[in-house]
Amino acid sequence: MVTTETSDLVARRARRVAERVADPELPMLTLADLGVLRGVEVGADGTVVARLTPTYSGCPAMAEMRADVAARLREAGFERVEIRTELDPPWTTEWITPAGRRKLAEHGIAPPGPVRRRPAGPVPLELSVTRRAVTCPRCGSADTEETSRFASTSCKALWRCRGCLEPFEYVKEI
Amino acid sequence: MSDDHVYLSLAEGHDDSDARWAFGTGFEDPLHGVDTAVPDGVDARELAARCLALADDALVEAQRLAEWCTRAPELEEEVALANIGLDLLGQARLLYARVGQVDGTGRDEDAYAYFRDAEDFRNVRLAELPNGDFAFSIVRLLVLSCWRLALFGRLASAAPDPVLAAVAAKGVNELAYHRQFAADWTLRLGDGTDESHRRMTAALREIAPYVGELLAVEPGFGIDAGSVRDEVTEVLGQVLDAAGLSLPADGAQPLGGSGREGDHTAHLAPLLAELQSVARALPEATW
Chain A
172 MVTTETSDLV
182 ARRARRVAER
192 VADPELPMLT
202 LADLGVLRGV
212 EVGADGTVVA
222 RLTPTYSGCP
232 AMAEMRADVA
242 ARLREAGFER
252 VEIRTELDPP
262 WTTEWITPAG
272 RRKLAEHGIA
282 PPGPVRRRPA
292 GPVPLELSVT
302 RRAVTCPRCG
312 SADTEETSRF
322 ASTSCKALWR
332 CRGCLEPFEY
342 VKEI
Chain B
193 MSDDHVYLSL
203 AEGHDDSDAR
213 WAFGTGFEDP
223 LHGVDTAVPD
233 GVDARELAAR
243 CLALADDALV
253 EAQRLAEWCT
263 RAPELEEEVA
273 LANIGLDLLG
283 QARLLYARVG
293 QVDGTGRDED
303 AYAYFRDAED
313 FRNVRLAELP
323 NGDFAFSIVR
333 LLVLSCWRLA
343 LFGRLASAAP
353 DPVLAAVAAK
363 GVNELAYHRQ
373 FAADWTLRLG
383 DGTDESHRRM
393 TAALREIAPY
403 VGELLAVEPG
413 FGIDAGSVRD
423 EVTEVLGQVL
433 DAAGLSLPAD
443 GAQPLGGSGR
453 EGDHTAHLAP
463 LLAELQSVAR
473 ALPEATW
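Those protein sequence lines, which keep their order, are chains A and B.
Taking the numbering used here, the leading residue of the first sequence gets 172, the next gets one more, and so forth.
Taking the numbering used here, the leading residue of the second sequence gets 193, the next gets one more, and so forth.
(1) Are the C-beta of E297 (chain A) and some C-beta of chain B separated by less than 8 Å?
(2) With distances taken Cα to Cα, identify the nearest neighbour of L379 (chain B) among B:I330, B:V230, B:A408, B:D353.
(3) L463 (chain B) to Q293 (chain B), Cα distance in whole Å?
(4) Go ahead and pull the three-state DSSP assignment for E266 (chain B).
(5) With burial defined as no fewer than 16 other Cβ atoms inside 10 Å of the residue's Cβ, what is the status of S319 (chain A): buried or exposed?
(6) Considering only C-alpha positions, which residue in the set A:T201, A:E212, A:R191 is nearest to V181 (chain A)?
(7) Quick one: what's got a C-beta closer than 6 Å to N315 (chain B)'s C-beta in the same chain, skipping five residues either side?
(8) Just to confirm the assignment, what range does the beta strand (DSSP E) spanning L329 (chain A) have?
(9) With three or more C-beta pairs closer than 8 Å as the rule, is the region 299-310 of chain B touching the region 354-370 of chain B?
(10) Please check if any C-beta of chain B sits within less than 8 Å of the C-beta of R255 (chain A).
(11) P446 (chain B) CB to nearest chain A CB: under 8 Å?
(12) Mind listing, in chain order, the continuous beta strand (DSSP E) runs of no fewer than 3 residues lying wholly within the region 260-335 of chain A?
(13) Using C-beta distances below 6 Å, list every residue in its chain close to R333 (chain A), excluding the 5 sequence neighbours before and after it, in chain order.
(14) Given that H224 (chain B) touches chain A, what residues does it touch there, using C-beta distances under 9 Å?
(15) Give the straight-line distance between the Cα atoms of D227 (chain B) and G324 (chain B), rounded to the nearest whole angstrom.
(16) List the whole-angstrom C-beta distance separating D279 (chain B) from G229 (chain A), where the pair is believed to meet the contact cut-off of C-beta under 8 Å.
(17) With V424 (chain B) and A342 (chain B) assumed to form a contact (beta carbons below 8 Å), what rounded beta-carbon distance in angstroms separates them?
(18) Which residues of chain A have a Cβ atom closer than 9 Å to the Cβ of A374 (chain B), listed in chain order?
(19) If you follow the beta strand (DSSP E) that G210 (chain A) is in, where does it begin and where does it stop?
(20) Using a Cβ cut-off of 9 Å, pull out every chain A residue sitting near R371 (chain B), in sequence order please.
(21) Using the Cβ count rule (16 or more neighbours within 10 Å means buried), how would you classify L287 (chain B)?
(22) Got a sec: which bits of the region 392-421 of chain B sit with their beta carbon under 8 Å from any beta carbon on chain A, in order along the chain?
(23) Between L239 (chain B) and G296 (chain B), what straight-line distance do the alpha-carbon atoms span, to the nearest angstrom?
(24) DSSP three-state label for F373 (chain B), please.
(25) Report the neighbours of S325 (chain A) on chain B: residues whose CB is nearer than 9 Å to its CB, in chain order.
(26) Given 8 Å as the limit, is there contact between the region 184-204 of chain A and the region 267-279 of chain A, that is, 3 or more CB pairs closer than that?
(27) For E259 (chain B), which three-state DSSP category applies?
(28) Quick one: Cα of S469 (chain B) to Cα of A310 (chain B), how far?
(29) So does the region 255-267 of chain A actually touch the region 221-228 of chain A, counting three or more Cβ pairs closer than 8 Å?
(30) Checking contacts by CB at 8 Å: is G345 (chain B) closer than that to chain A?
(31) Report the rounded CA-to-CA distance for A360 (chain B) versus I345 (chain A), giving the unit in angstroms.
(32) Throw me the rounded Cβ distance for the F326 (chain B) and P265 (chain B) pair, which I believe falls under 8 Å.
(33) Could you check how far apart the C-beta atoms of D353 (chain B) and V271 (chain B) are, in whole angstroms? I think they sit under 8 Å.
(34) With a threshold of 8 Å between beta-carbons, can A358 (chain B) be considered close to chain A, or not?
(35) Looking at L407 (chain B): is its Cβ nearer than 8 Å to the Cβ of R421 (chain B)?
(36) Counting only Cβ pairs nearer than 8 Å, list the residues of chain A close to E423 (chain B).
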């Protein structure tokens, strides 16, 4: 007989398994660190339902994330696993956890700053050269510049440090 | 992988639990695990037609952007253009998958992308024009991203279909970056050298007739076409003013027909021939 308490325990264990799955493109982060794993629940019939959200519409790693989460859960003994995709609300860098931000910086990738909340209505355009304060993740210098708003993946921009002269990637706010 | 022969193993069916094959065929659609019910009272034909047109705009534009790979003036710009194309391709995939669910055919994304001919595509003609020089591609990207951003901003709240609304809401964040990229380059080239200014002016003259077609597109779902037009015109005016450029108004003789009705330039068929060649040569292929 499955009591409420034991099903809570099952859910907690499933959550712990899913939370440890690494992101395929930023393997130092888990999907939970990245905010891509939106939740893990256990249904009345024992099916584990994990909810994922893509970072960008074209993120080619989505199928791999889905497969990884399902595989880890099955390996952990959960037989019935269902992965749901949540498109709404859209992913935002605000969901990257403090641990995730720390790990990014430790691996030479500048974490995103706070997302400026937009008022309702048309998205404003920035016509002046906007200087975001991005700190070099290697030497800590604030004397940095953007070299490209797009980098090896959609979620990152390419920057360069004028202090230590090293290029680095930066997870841009979205 | 049960087969010893590497190629046979590659062609073997793969299931959801095998992450190594995440980039091949045979996976479930991009809307895997999304609630796909169509709400009561939604006109399925209208929804399918509008999703298809927006997917076609995105696919064709993404293909043109991909053509810049190995040809862009700088590596950083090549990466940027490819990333923008990838975002659009992602939007196209979600929308094609939605069309297949809504139009009653149950077709998958590949059926729409690879097995329709030019006359069945509903993209605006601006998207299919050849890349031309970098100035032309930037001007085209600026206009298309301004328009798509204005439209998606409204669809996110006005679309009666939760899947289309979610695709639009997600797209807004991406398109804001695309538009910013195009606007930055417009400023740099318009306000740059005599040569870059001359090329931007020529590009604007060339696209002017196609802008009319784009702005005449009916957004549907009760969205006021005039408000989309006003936002696009205002933002474009802002960017072009700052860049010392303008969109020639009198040169914009309206073109006959519309991409939304299946009227296209001679440039779409060769674009599709390349895009579709592998899928059509080997229609049963899996990888």
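Backbone N, C-alpha and C fix where the C-beta goes; we use that ideal spot for every residue, glycine too.
Checking against the coordinates, here is how it stands:
(1) yes
(2) B:I330
(3) 27 Å
(4) coil
(5) buried
(6) A:E212
(7) D248, D249, V252, G451
(8) 327-332
(9) no
(10) yes
(11) no
(12) 315-319, 327-332
(13) D314
(14) M233, A234, R237, I254, R255, T256
(15) 42 Å
(16) 5 Å
(17) 5 Å
(18) None at all; the shortest Cβ gap to chain A is about 10 Å.
(19) 208-213
(20) V294, L296
(21) buried
(22) none
(23) 12 Å
(24) helix
(25) N275, I276, L278, D279, G282, E366, Y369
(26) yes
(27) coil
(28) 14 Å
(29) yes
(30) yes
(31) 15 Å
(32) 6 Å
(33) Between V271 (chain B) and D353 (chain B) the Cβ distance is about 34 Å, and since that is not below 8 Å, they are no contact.
(34) yes
(35) yes
(36) P293
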